[in-house]
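Engineer: Numbers in our numbering are just positions in the sequence shown, counted from 1, shifted up by 14.
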Amino acid sequence: MDNIILSSYTAKRAKDTTISSHIHNTNEFVFYNSCAGYSVIGGQTFEIKPNTFAIIPARVPHYEIHNKEGTLFYTSFYCDDLPLPAGVYDDDFSGNFKNLAHQIWEEFQGNYEEKKLMLSILGQQFLLMLRRKANEPSQQPKDLSFAKRFIEENYHSKIKFIELAENCGYGYDYFRHRFKMIYGVSPQQHLINIRLDTAKKILETSSMNCTETAFSCGFSDSAQFSTMYKKRFGVAPKKDKNQTEQ
């Protein structure tokens, strides 16, 4: 089919912008130049960051949340059998998808000779690039069980969550959002819960006092430990310790 590419435009997204859930009758190719946030496509959540692009099949509900100001290229296109599943993908090292998105947009803006032929060629090139992308290693969201296990095994140490997010292949904001979506708590809260649960076991089964217990579980402030402990268990750690010893 000649008219693979149907339309193209650019848009600017302000910080803290939410694009509410909607659908289109055509497939979408959205290239994010400098955006950051996340996109939910057909119920699956994907991170948006600079130099990534989304493939959104026709009639699939989707919405976006932008955490910073950025620009994007939007292209609607026709394809009966999408070679690449719905999702957000990284551009290649040469920036070929970015260059193509800009070239398609530029072609639509001008009144060039053989414009229809050029758009047809660009459309064929686009589908070929998608097929090649489909043969690359999977870019589905990474399993965060590594991060959860790392927190549980290193709860007594200072954990740098930004570095942990990067090790999982995510920006910190999206890492925190996705972790909470999967496990019901933020990474920081999961760490606190592990520390408090461990502290309770130590107080109940050892001779260590409250201050020693707090420091052994990674707390740097015994007063803060006491406040958090009481909030979680409904009783101060010292009182809990005394009750255990009776």
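Beta carbons are placed, not taken as given, at the ideal position from N, Cα and C, and that holds for glycine.
1) Is TYR188 helix, strand or coil when you go by DSSP?
2) Return yes when the Cβ of LEU86 is within less than 9 Å of the Cβ of TYR46, no when it is not.
3) Determine the contact status of THR225 and LEU217, defining contact as a CB-CB distance below 9 Å.
4) When we look at the beta-carbon of LYS63 and count the other beta-carbons within 10 Å, is it buried (16 or more) or exposed?
5) Would you kindly report the start and end of the unbroken beta strand (DSSP E) that includes THR59?
6) Looking only at C-alpha atoms, which of TYR184, GLU128, ARG209, ALA100 sits nearest to ALA148?
7) How many angstroms separate the CA atom of LEU158 from the CA atom of TYR184?
8) Does DSSP put ASN81 in a helix, in a strand, or in coil?
9) Is it buried or exposed for PHE107, if we count other Cβ within 10 angstroms and need 16 for buried?
10) Three or more C-beta pairs closer than 8 Å, one from the region 117–133 and one from the region 157–171: is that the case here?
11) Straight-line CA distance for THR241 to ALA250?
12) Take ILE18 and list the residues in its own chain whose beta-carbon comes closer than 6 Å to its own, dropping the five residues that flank it on each side.
13) What does the alpha-carbon distance come out to for the pair PRO190 and SER35?
14) Could you check what DSSP says for ASN149 in three-state terms: helix, strand or coil?
15) Give the secondary structure of LEU158 by DSSP, where H, G and I count as helix, E and B as strand, and everything else as coil.
16) Compare the C-alpha of GLY109 against each of ILE69, ASN65, HIS76 and name the closest.
17) When you compare each of ASP235, TYR88, ALA213 to ASP254 by their alpha carbons, which one comes out closest?
18) State the DSSP-derived secondary structure class of ASN207, mapped to helix, strand or coil.
19) Is the beta carbon of PHE67 closer than 9 Å to that of TYR23?
20) What is the DSSP secondary structure of PHE140, reduced to helix, strand or coil?
21) Can you tell which of ASN223, ILE206, PRO71, MET222 has its C-alpha closest to the C-alpha of TYR243?
22) What number of angstroms, rounded off, separates the C-alpha of GLU42 from the C-alpha of LYS174?
23) Within 10 angstroms of the Cβ of PHE140, are there 16 or more other Cβ atoms? Answer buried if so, exposed if not.
24) For ALA25, is the classification buried or exposed, using 16 other Cβ atoms within 10 angstroms of its Cβ as the cut-off for buried?
25) Would you mind reading off the limits of the alpha helix (DSSP H) that contains ASN47?
Structural biologist: Short version:
1) helix
2) yes
3) no
4) buried
5) 58–62
6) ALA100
7) 10 Å
8) strand
9) exposed
10) no
11) 7 Å
12) PHE91, TYR92, GLY137
13) For the record, residue 190 in the displayed sequence is Arg; it is not Pro. Each residue's alpha carbon lies about 22 Å from the other.
14) coil
15) coil
16) ASN65
17) ALA213
18) helix
19) no
20) helix
21) ILE206
22) 37 Å
23) buried
24) exposed
25) Neither: ASN47 is in no alpha helix (DSSP H) and is coded neither H nor E.
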